[in-house]
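Residues 1 to 235, numbered by the UniProt record's numbering, are exactly what the sequence shown covers, in order.
Below is one structure, written out as structure tokens, with a few remarks after it.
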Amino acid sequence: MRISIIIPTLNESAIIASQVEDIRHKASGSEVEIIVVDAKSPDGTAELAKAAGAKVLSVNKGCRAKQMNAGAAAATGEVYYFVHADLTLPHGFADDIIAGVNSGNSYGCYQVCFDKPVKGLKFNSSLSKYQGIFFRGGDQTLYITKPFFEKIGGFDDEVVIMEDYEILLRAKKHEKINIMPRKVVISARKMEENNYFKTNVINVLVFTLFFLGFSQKTLVNIYQGFVKGAKYSIK
1 MRISIIIPTL
11 NESAIIASQV
21 EDIRHKASGS
31 EVEIIVVDAK
41 SPDGTAELAK
51 AAGAKVLSVN
61 KGCRAKQMNA
71 GAAAATGEVY
81 YFVHADLTLP
91 HGFADDIIAG
101 VNSGNSYGCY
111 QVCFDKPVKG
121 LKFNSSLSKY
131 QGIFFRGGDQ
141 TLYITKPFFE
151 KIGGFDDEVV
161 IMEDYEILLR
171 AKKHEKINIM
181 PRKVVISARK
191 MEENNYFKTN
201 VINVLVFTLF
211 FLGFSQKTLV
221 NIYQGFVKGA
231 KYSIK
């Protein structure tokens, strides 16, 4: 079973080469392809990813939904695995995904922990073991079989922020997500650049407004206005 690992990027030159190398190492001999879909980063992200051995695509806009759809369109695997550039996968992740698919689970994610021992972040991490859309997020990674991805229509290109929740809302109408028992390690860089409490408040606010039907422009403006390092663009 071939797994296509799809990584959307924008200005990740500091970490993308090591991420590609780490993913290949942790695939533990399983057949994988690594596709980096870059939003024309001016910092050389694409060149570094290619030098590290990834297949590199380029899109004009920094929109993760569009980037991940582009990666899926170019992928050759039976399973797509969507991964952020700044997280760390467990060894043998490919075996976990294959086991999940062979057990009849069309899509799934990991639980999470953060790379810094902060009490508040430990609480956030503890929630990732539960079912329920509120406890999900793109940082948990997402595997999804090609047939199931096509069945639900992939990511919505019009969703700039909360694209991970939007696709899961459609997916859960067909089956529950497979929450794998191991964890990915999430970078706490966003929490370090911002206040932990403030970041959580903004996350909850944007989450709530999304489900209340507020426009993407409103959600992006709120997030960009209060969270340093945000990489969303509505243009």
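In this text, a Cβ means the ideal position worked out from N, Cα and C, and glycines have one as well.
Is it buried or exposed, residue i, if we count other Cβ atoms within 10 angstroms and call 16 or more buried?
{"i": "residue 182", "result": "exposed"}
{"i": "residue 64", "result": "buried"}
{"i": "residue 130", "result": "exposed"}
{"i": "residue 114", "result": "buried"}
{"i": "residue 176", "result": "exposed"}
{"i": "residue 76", "result": "exposed"}
{"i": "residue 149", "result": "buried"}
{"i": "residue 155", "result": "buried"}
{"i": "residue 158", "result": "exposed"}
{"i": "residue 62", "result": "buried"}
{"i": "residue 8", "result": "buried"}
Reducing DSSP to helix, strand and coil, say where residue i ends up.
{"i": "residue 114", "result": "strand"}
{"i": "residue 241", "result": "A query on residue 241 cannot be resolved here, the shown segment of the chain reaching from 1 to 235 and no further."}
{"i": "residue 45", "result": "helix"}
{"i": "residue 82", "result": "strand"}
{"i": "residue 165", "result": "helix"}
{"i": "residue 129", "result": "helix"}
{"i": "residue 142", "result": "strand"}
Alpha helix (DSSP H) containing residue i: first to last residue?
{"i": "residue 21", "result": "16 to 26"}
{"i": "residue 150", "result": "146 to 152"}
{"i": "residue 221", "result": "216 to 226"}
{"i": "residue 9", "result": "Taken as a continuous stretch (DSSP letters only), residue 9 belongs to no alpha helix (DSSP H), being part of the beta strand (DSSP E) at 3 to 9."}
{"i": "residue 66", "result": "64 to 74"}
{"i": "residue 190", "result": "189 to 193"}
Name the two residues that bound the continuous beta strand (DSSP E) containing residue i.
{"i": "residue 311", "result": "Lying before the first or after the last residue shown, residue 311 is absent from the chain, which here runs from 1 to 235."}
{"i": "residue 231", "result": "Per DSSP, residue 231 belongs to no beta strand (DSSP E) and is neither H nor E."}
{"i": "residue 38", "result": "32 to 38"}
{"i": "residue 182", "result": "178 to 186"}
{"i": "residue 61", "result": "Residue 61 -> no beta strand (DSSP E), and no H or E assigned at all."}
Would residue i and residue j be called neighbours here (beta carbons separated by less than 8 Å)?
{"i": "residue 74", "j": "residue 57", "result": "yes"}
{"i": "residue 82", "j": "residue 6", "result": "yes"}
{"i": "residue 198", "j": "residue 229", "result": "no"}
{"i": "residue 1", "j": "residue 110", "result": "no"}
{"i": "residue 19", "j": "residue 39", "result": "no"}
{"i": "residue 188", "j": "residue 127", "result": "no"}
{"i": "residue 214", "j": "residue 165", "result": "no"}
**Q.** Contact the region 5 to 17 vs the region 30 to 47: 3+ CB pairs below 8 Å
**A.** Because the criterion of three Cβ pairs below 8 Å is met, the region 5 to 17 and the region 30 to 47 touch.
(Q) For the structure I just gave you, are there three or more beta carbon pairs, one from the region 90 to 106 and one from the region 15 to 27, closer than 8 Å? (A) The answer is yes - the region 15 to 27 touches the region 90 to 106, with three or more Cβ pairs under 8 Å.
Q: Specify whether the region 194 to 204 and the region 95 to 103 touch according to this definition: at least 3 beta carbon pairs, one from each stretch, less than 8 Å apart.
A: Segments in contact, no.
Q: Report yes or no: do the region 210 to 218 and the region 138 to 151 share at least 3 C-beta pairs separated by less than 8 Å?
A: Under the three-pair Cβ rule at 8 Å, the region 210 to 218 does not count as touching the region 138 to 151.
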